[in-house]
Amino acid sequence: MNTSTQQQKIVLVTGGSSGIGKSIALHAASRGIGVILTYNSHPAQGLAVADTINSNGGKAVALPLDASNTGSLNDFASQVLAILKKEWNRDNFDYLVNNAGIAQRSLIKDTTEEIFDQLVNVNFKGPFFLTQKMMPLIIDGGQIINISSGLARFAFPGVAVYGALKAATEGLTRYFAKEYAGRKIRVNAVAPGAIDTEFGGGKGDESHRQQIAAMTALGRLGEAGDVGAFVASLLSEDSRFVNAQRIEVSGGIMI
Numbered sequence: 011m012n013t014s015t016q017q018q019k020i021v022l023v024t025g026g027s028s029g030i031g032k033s034i035a036l037h038a039a040s041r042g043i044g045v046i047l048t049y050n051s052h053p054a055q056g057l058a059v060a061d062t063i064n065s066n067g068g069k070a071v072a073l074p075l076d077a078s079n080t081g082s083l084n085d086f087a088s089q090v091l092a093i094l095k096k097e098w099n100r101d102n103f104d105y106l107v108n109n110a111g112i113a114q115r116s117l118i119k120d121t122t123e124e125i126f127d128q129l130v131n132v133n134f135k136g137p138f139f140l141t142q143k144m145m146p147l148i149i150d151g152g153q154i155i156n157i158s159s160g161l162a163r164f165a166f167p168g169v170a171v172y173g174a175l176k177a178a179t180e181g182l183t184r185y186f187a188k189e190y191a192g193r194k195i196r197v198n199a200v201a202p203g204a205i206d207t208e209f210g211g212g213k214g215d216e217s218h219r220q221q222i223a224a225m226t227a228l229g230r231l232g233e234a235g236d237v238g239a240f241v242a243s244l245l246s247e248d249s250r251f252v253n254a255q256r257i258e259v260s261g262g263i264m265i
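Using the numbering used here, read the sequence shown as starting at 11 and increasing by one per residue.
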């Protein structure tokens with residue numbers, strides 16, 4: 011693939027309709043990066059994020075994507091290519107952020123095969139095959155960022171499958187970096203800690219939120235913007251020698 015020159019950089023952010031994904035899309039756009047974001051169950055939210063970016067002078071397009079449906083990825087790749095040609099007059103893009111995911115609390119003894127398979131399909135199988143399908147469209151010298159979780163490092167009851175899958179994502183990050191080193195594509199994992207928008211049910215029990223904040227060196231839960239700002243900065247050339255790394259954005263939780 012050809013590398014980009016002075017044309018606008020473009021990022022594809024999965025799960026960009028809310029939370030961390032929305033923040034990543036907005037912060038990337040604020041840095042002048044064109045955005046393709048995906049949504050699944052909340053199309054209005056995804057389209058609203060794109061509208062916000064476009065109304066602020068950026069360029070963004072929202073596309074539907076069910077990360078668990080690998081059979082739809084060929085069609086999705088065709089949609090991405092069509093959008094690239096129509097909106098940017100390009101046949102490639104610069105950055106992929108695998109953010110789409112789900113978490114479902116279930117103790118090991120209560121975890122059904124249905125729950126297990128759903129978590130695997132959305133959090134691991136989907137990103138693996140999406141990245142595989144997107145590789146021909148990512149420029150040489152581009153970057154992939156996989157959104158992991160602090161739960162890959164520390165354990166809480168009820169998230170065994172989710173935490174294990176995020177640990178697998180971090181391992182996969184290194185393998186992608188190794189196998190695509192010849193194309194100088196950097197691959198890193200960003201692991202959010204306790205984020206107020208989603209961790210432990212998000213805006214849930216105040217006493218639980220305070221307990222989690224007390225476990226964090228900075229004394230508070232994170233916000234989606236803490237992660238979005240960091241990911242956007244990681245996309246810049248300032249991070250050009252950062253590769254195959256797991257970077258935790260957690261305020262120092264469980265240290």
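All residues carry an ideal CB built from backbone N, CA and C; glycine is no exception.
Residue i: buried (16+ other C-beta within 10 angstroms of its C-beta) or exposed?
i, result
"His-52", "exposed"
"His-37", "buried"
"Tyr-105", "buried"
"Val-252", "exposed"
"Gln-153", "buried"
"Ile-265", "exposed"
"Glu-216", "exposed"
"Gly-67", "exposed"
"Arg-250", "exposed"
"Asn-109", "buried"
"Gly-211", "Legend: pLDDT at Gly-211 = 49, less than 50; position of this residue unreliable, no value from coordinates given."
"Ser-27", "buried"
"Ser-159", "buried"
"Ala-92", "exposed"
"Ala-72", "buried"
"Glu-247", "exposed"
"Ala-191", "exposed"
"Gly-29", "buried"
"Asn-12", "Low confidence applies here, because Asn-12 scores a pLDDT of 43, under 50, leaving its location unreliable and the question unanswered by this model."
Can you check whether the CB of residue j is closer than 8 Å to the CB of residue i?
i, j, result
"Ala-254", "Thr-141", "no"
"Ala-204", "Ile-157", "no"
"Leu-75", "Thr-122", "no"
"Ala-242", "Ile-34", "yes"
"Glu-162", "Gly-151", "Checking the displayed sequence, the identity of residue 162 turns out to be Ala instead of Glu. No, they are not a contact pair."
"Ile-257", "Asn-198", "yes"
"Arg-196", "Ala-187", "yes"
"Ala-70", "Ala-60", "yes"
"Val-107", "Ile-155", "yes"
Closest by CA to residue i, which one among the options?
i, options, result
"Asp-206", "Glu-180, Gly-235, Ala-199", "Gly-235"
"Val-171", "Gln-128, Tyr-190, Ile-148", "Gln-128"
"Ala-269", "Val-21, Val-259, Asn-50, Ala-191", "Outside the displayed range of the chain (11 to 265) lies residue 269, so it cannot be described from this structure."
"Glu-233", "Gln-18, Gly-31, Gly-136, Gln-16", "Gly-31"
"Gly-181", "Arg-193, Ala-201, Ala-165", "Ala-201"
"Ile-118", "Phe-166, Leu-231, Lys-95", "Phe-166"
"Phe-134", "Gly-111, Val-259, Ala-60", "Gly-111"
"Ile-148", "Phe-103, Ser-28, Gly-56", "Phe-103"
"Leu-228", "Ser-260, Phe-138, Gly-160", "Ser-260"
"Thr-80", "Ala-239, Ala-54, Val-130", "Val-130"
"Pro-137", "Ala-191, Leu-175, Arg-230, Arg-100", "Leu-175"
"Leu-231", "Ile-222, Val-237, Asn-50", "Ile-222"
"Trp-98", "Ser-116, Phe-240, Tyr-185, Gln-17", "Gln-17"
"Asp-101", "Gly-238, Leu-245, Arg-41, Pro-146", "Pro-146"
"Phe-139", "Asn-84, His-218, Gly-238", "Asn-84"
Assuming the contact rule is C-beta atoms closer than 8 Å, residue i and residue j should be a hit. Round their C-beta distance to whole Å, please.
i, j, result
"Ala-87", "Lys-143", "5 Å"
"Val-169", "Ala-224", "Val-169 to Ala-224, Cβ: 19 Å. No contact."
"Lys-19", "Ile-43", "5 Å"
"Val-132", "Ser-78", "5 Å"
So residue i is in the beta strand (DSSP E); what residue range does that whole segment cover?
i, result
"Leu-73", "70-74"
"Glu-258", "256-259"
"Pro-167", "Looking at the DSSP string, Pro-167 is not in any beta strand (DSSP E), and its letter there is neither H nor E."
"Ile-43", "Unbroken run through Ile-43: none, as it is neither H nor E."
"Val-237", "No beta strand (DSSP E) holds Val-237; the alpha helix (DSSP H) holding it covers 234-244."
Tell me where the alpha helix (DSSP H) around residue i begins and ends.
i, result
"Pro-137", "136-144"
"Gly-31", "29-40"
"Asp-61", "53-65"
"Asn-84", "83-93"
Taking only beta-carbon positions, decide if residue i is within less than 8 Å of chain D.
i, result
"Asp-85", "Protein chain content of the structure displayed is limited to a single chain, and chain D is not contained in it."
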